[in-house]
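Report on the following structure.
In the working numbering, the protein residues as written are 2 to 666.
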């Protein structure tokens, strides 16, 4: 719970001298300005006395505001009995220049709490305080400010309620990217987000955004782009134009004639589809046929919620991968901040809630925030959904409201801190990696995989969970941090056919690792980080990451049937600088959804992404060339020997040529 109260100081008058007086004062240099702003008169060298009211304008009214972060109804009595808070709202002490009163309250609440009887009593207390200590003289303000909205002063306090009931905001970068990939490449692998494919959702969002509050509205429930202007004080203002989620318009806006026109891009996409048809693959407009019809490969179905590294950008969220292993069970590999939002953007409210109910396990690879920062929001949302069900049905369920999480030891401290800060009960059932699995292996056991630890207190519970999911999960220690793991996961295509198994290897963050190569040998799918392009290999080595080239080599040495490159540096924006066709290698995008039968089509798209995102491709090509030349100059200055410099020149030119060739192939 938090209650930050923002007091404004009594604002100084504005210095606004008439032209003739301003010239005499040398306005922009005069140290006398401070004297006027403090309300004092000044005598000029010629004896002229200039008073403060001749050169200043009155200070505009500015509201104080309070932010109430109340997670549940149990905290209301504590808030109402807080004498320091109520005293501060009425008459601030300690500094005479602090303005009294309260004009705006922002309520951060769960849905429905604002309308409750207990909370409305608190709201009424705030309203009474605001009326009692109102510091604004309406007639004086309107006389001084002809354009001021006097209706704001008729309601001495306004309330902005942020409780999650507003429509979901349209993240235009993500929607634009999804539209281009869906329209130009593959409608099954790149589905449209919920708000673009559901007519009712689109209409509901547009309708909600049409009802704009008046500046002086007493109570407003927040919608995306809601603005409240404090200085100058105007109250609620009109939003900027919201993006229109129209498929054709988003696609058209993505192509810029300066780089590649829509027609030029379509010519290249026609070449791509012709090549796919020649090799026996369905085009974008057809329903792809299974490669192996003898096996039902509906599951696993893998959805990429985040494919970027470090921090989100407009086009890529941070790490998070959903793996639906059968009709009723879903697991997740890493869960960066924003993963829950991505689920709602992709599936819409109803289906997102169904996914949360089916979520059985989250695997965390290591304790960098872009890989685990979203676990608690996911667990809390799931906990509330399951707890809201019929208690009898929950008690009969095989799955607790606690979300199982397999994570490194440091996650326990993170979990404890979260519980202390946000006052939630238990929401996570933690399995600690070195306890449930041996790491390192006991003496005498030679394996790249971390074996189960039968002496662990949670061994039986963990084995029971894996048995219920029909999964084998084996961690592999990787050298990114001191406690980083990759995962080798094996499951069944069909519960009735135990001989038909699938295997997925998820690298997490790691440089090329021999143990991982051996542990994942002959897997069906390798999802390997490729944070940097090859021209940035020095950056990858420094941060213990992989490049695109090294990730591809790991897949080759592992004999992986297919390799998906993932976890791209946000410096590459929409698409990484790689456009080579390799029959069993492709790249990932946010909201991409694949089954095993989809994989063979993906490499055909790789050489053509640069035409869909030509502006970003061109910008990255220029930056990459500049980076290569900068490295060459640094190497040359560090080694002034002519012979060495000549060798470095040759090597650097080769590197630059390689980057340019890759960018323009």
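Positions of the beta carbon are idealized from the N, C-alpha and C atoms, including for glycine.
Bounds of the alpha helix (DSSP H) holding residue 462 are 460-470. For residue 362, the closest of 345, 372, 403 by C-alpha to C-alpha distance is 403. DSSP places residue 74 within a helical segment (H, G or I) once states are collapsed to three. For the pair residue 482 and residue 530, the Cα-to-Cα distance works out to about 15 Å. Between residue 360 and residue 334, the C-beta gap is not smaller than 9 Å, which leaves the two residues out of contact.
Annotation note: the segment 552-610 contains the following uninterrupted beta strand (DSSP E) runs of length 3 or greater, listed N- to C-terminal: 564-567, 586-588, 593-595. If you draw a straight line from the Cα of residue 384 to the Cα of residue 355, it comes to about 13 Å.
Every beta strand (DSSP E) stretch that sits fully inside the segment 352-423 and reaches 3 residues is listed by chain position as 360-364, 404-408. For residue 230, the beta-bridge partners assigned by DSSP are 236. Residue pairing by DSSP puts residue 432 in a beta bridge opposite 407. Under the three-state reduction of DSSP, residue 113 is assigned to coil, being neither helix nor strand. Less than 9 Å divides the Cβ of residue 298 from the Cβ of residue 503. Residue 325: member of the beta strand (DSSP E) spanning 321-325, first to last residue.
Counting other Cβ atoms within 10 Å of its Cβ, residue 328 stays below 16 and is therefore classed as exposed.
Using a C-beta cut-off of 8 Å, the segment 520-535 makes contact with the segment 565-572, since at least three inter-stretch Cβ pairs fall below that distance. For a cut-off of 8 Å, the C-beta gap from residue 194 to residue 176 is around 6 Å, short enough to register as a contact. Residue 611 and residue 640 have their alpha carbons spaced roughly 37 Å apart. Residues 296, 493, 494, 495 of the same chain have their beta carbon placed closer than 8 Å to that of residue 501, with the five preceding and five following residues left out of the count. With 16 or more neighbouring CB atoms inside 10 Å of its own CB, residue 547 falls in the buried class. Distances from the alpha-carbon of residue 79 to those of 633, 123, 65, 106 put 123 closest. Per DSSP, reduced to three states, the secondary structure at residue 215 is coil, with no helix or strand assignment.
In this structure, the CA atom of residue 415 is about 18 Å from the CA atom of residue 311. Take the alpha-carbon of residue 77 and the one of residue 114: they are about 10 Å apart. Taking all protein chains in view, the Cβ of residue 601 is crowded by 16 or more other Cβ atoms within 10 Å, so the residue is classified as buried.
Judged by DSSP in its simplified three-state form, residue 190 adopts coil rather than helix or strand. The beta-bridge partner set that DSSP reports for residue 638 is empty. The C-beta distance from residue 559 to residue 527 rounds to 6 Å, short enough to fall under 8 Å. Comparing alpha carbon positions, the residue from 81, 72, 74, 256 closest to residue 618 is 256. Around the beta carbon of residue 369, 16 or more other beta carbons lie within 10 angstroms, which makes this residue buried. Using a 10 angstroms sphere on the CB of residue 259, the tally of other CB atoms stays under 16, which defines it as exposed.
A residue is called buried once 16 or more other Cβ atoms fall within 10 Å of its Cβ, and residue 206 is buried on that count.
With fewer than 16 other CB atoms across the displayed protein chains lying within 10 angstroms of its CB, residue 165 is exposed. For the 9 Å CB-CB criterion, residue 322 and residue 471 do not form a contact. One Cα belongs to residue 460, the other to residue 453, and the distance between them is close to 8 Å. Looking at 69, 417, 423, 440, the one whose alpha-carbon comes closest to that of residue 431 is 417. Secondary-structure assignment with DSSP links residue 479 through a beta bridge to 485.
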